[in-house]
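In the UniProt record's numbering, the protein residues as written are 1 to 178.
Don't be surprised by glycine CBs; every beta carbon is placed ideally from N, CA and C.
Structure record follows, encoded as C-alpha cells.
Next comes the structure, spelled out in C-alpha cells:
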C-alpha cells in the first residue's frame, strides 16, 4: 500500500479509540504477513484492507453490531464487495447477529458469489490472537478479555459463549486447511 492509501485508512480509522486503532493495525499487519504465502495476489489488497478496517463499525454505529455497521460504512465509501463481505462476516459475526436478534437478511448486501473460507479464517485468526492494544495473545486470553470488558448480560458476552468453540478453532492456525 502506498502512502496515499495509508493516509486514507488513517483518516477512516480516526474515529476509533487509540486502543482499537492499535488492535486494527496489528490485525492488518498479521494478515499482510501471511497473505503473501496463502492468498491469491489478486485478492491480497482487499483482504488486507478488510483486516485493517474490520472494526471500523465501532466508529460508525447504526445497528449496534460493528461488523454490519462497518460493512455499510465501507460500502458507502466505495470499497469493493469482498472487503465489505469480509468485514460484515468477520470473527463469527453471524452468531452475534443471532444473539442480537438481527435477521440473516442484514448480510444480503454483503454477499459474494464465491465462498472464501480461507480468507475468513485468516482474518479471524488475526483478530482472535491480537489483544486490544495490538499485543499478541492466545485465543483464550482474548476471549477472557472481551468477556471481562463487556461483562455478564451483555450481548457480546453471550455471543462469545455461543461462538467459543468456533473462535477457539479458528484462532489456532491462520491457515486452517489451506
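- Message: Output needed for residue 58: all residues of its chain with C-beta closer than 7 angstroms, excluding positions within five of it in sequence on either side, in chain order.
- Response: Numbered from 1 along the chain shown, position 58 holds the residue referred to as residue 58. Closer than 7 angstroms at the Cβ level, and outside the excluded window around residue 58, lie 16, 20, 66.
- Give the range of the alpha helix (DSSP H) segment to which residue 115 is assigned. Position 115 of the chain shown, counted from the first residue, corresponds to residue 115. It is not in any alpha helix (DSSP H) - residue 115 carries neither H nor E in the DSSP assignment.
- Message: Quick check on DSSP: helix, strand or coil for residue 133?
- Response: Looking up residue 133 in the chain shown gives position 133. Residue 133 falls in the coil class under three-state DSSP.
- Message: My assumption, with CB atoms under 8 angstroms, is that residue 12 sits in contact with residue 43. Please give the rounded CB distance.
- Response: Here the question's residue 12 lines up with position 12 in the chain shown. Here the question's residue 43 lines up with position 43 in the chain shown. Wrong, their Cβ atoms sit about 20 angstroms apart, outside the cutoff.
- Query: Is the region 89-97 touching the region 148-162 in the sense that three or more CB pairs, one from each, lie closer than 8 angstroms?
  - Reply: Taking a cut-off of 8 angstroms on C-beta distances, the region 148-162 touches the region 89-97, as three or more cross pairs fall below it.
- Close Cβ partners of residue 155 (< 6 angstroms) along its chain, the five nearest in sequence each way excluded: The sequence position of residue 155 within the chain shown is 155, counting from 1. Taken in chain order, the residues that qualify are 99, 100.
- Reference residue 124, options 64, 28, 36, 171, closest by Cα: Residue numbering aside, residue 124 sits at position 124 when the chain shown is read from its first letter. When only C-alpha atoms are compared, the closest one is 171.
- Item | Proximal residues to residue 139 (C-beta, below 6 angstroms), its chain only, five neighbours per side dropped | Numbered from its first residue, the chain shown carries residue 139 at position 139. Contacts found: 128, 168, 171.
- Item | Cα-Cα separation, residue 26 to residue 72 | Position 26 of the chain shown holds residue 26. Position 72 of the chain shown holds residue 72. Straight-line Cα distance between these residues: approximately 23 angstroms.
- Item | Distance, residue 117 Cα to residue 35 Cα | Taking the chain shown and counting its residues from 1, one reaches residue 35 at position 35. Taking the chain shown and counting its residues from 1, one reaches residue 117 at position 117. Straight-line Cα distance between these residues: approximately 14 angstroms.
- Between which two residues does the alpha helix (DSSP H) containing residue 21 stretch? Taking the chain shown and counting its residues from 1, one reaches residue 21 at position 21. 18-38 is the extent of the alpha helix (DSSP H) around residue 21.
- Message: With H, G and I counted as helix, E and B as strand and the rest as coil, what does DSSP make of residue 126?
- Response: Stepping through the chain shown from its first residue, residue 126 is reached at position 126. Correct three-state label for residue 126: helix.
- Message: Judging by CA-CA distance, which residue of 143, 109, 103, 18 is the nearest neighbour of residue 56?
- Response: Taking the chain shown and counting its residues from 1, the one referred to as residue 56 is at position 56. In this structure, 18 is the residue among 143, 109, 103, 18 with its C-alpha nearest to the C-alpha of residue 56.
- Query: Hey, how far is the Cα of residue 31 from the Cα of residue 152?
  - Reply: Taking the chain shown and counting its residues from 1, the one referred to as residue 31 is at position 31. Taking the chain shown and counting its residues from 1, the one referred to as residue 152 is at position 152. Distance between the alpha carbons of residue 31 and residue 152 is about 31 angstroms.
- Item | Outcome for residue 78 when other beta-carbon atoms lying within 10 angstroms are tallied against a minimum of 16 | Taking the chain shown and counting its residues from 1, the one referred to as residue 78 is at position 78. Label assigned to residue 78: exposed.
- Query: How would you write the range of the alpha helix (DSSP H) that residue 150 sits in, first residue to last?
  - Reply: Walking along the chain shown from the start, residue 150 turns up at place 150. For residue 150, the enclosing alpha helix (DSSP H) has its first and last residue at 139-150.
- Is residue 8 helix, strand or coil when you go by DSSP? For this step, residue 8 is matched to residue 8 along the chain shown. Residue 8 falls in the helix class under three-state DSSP.
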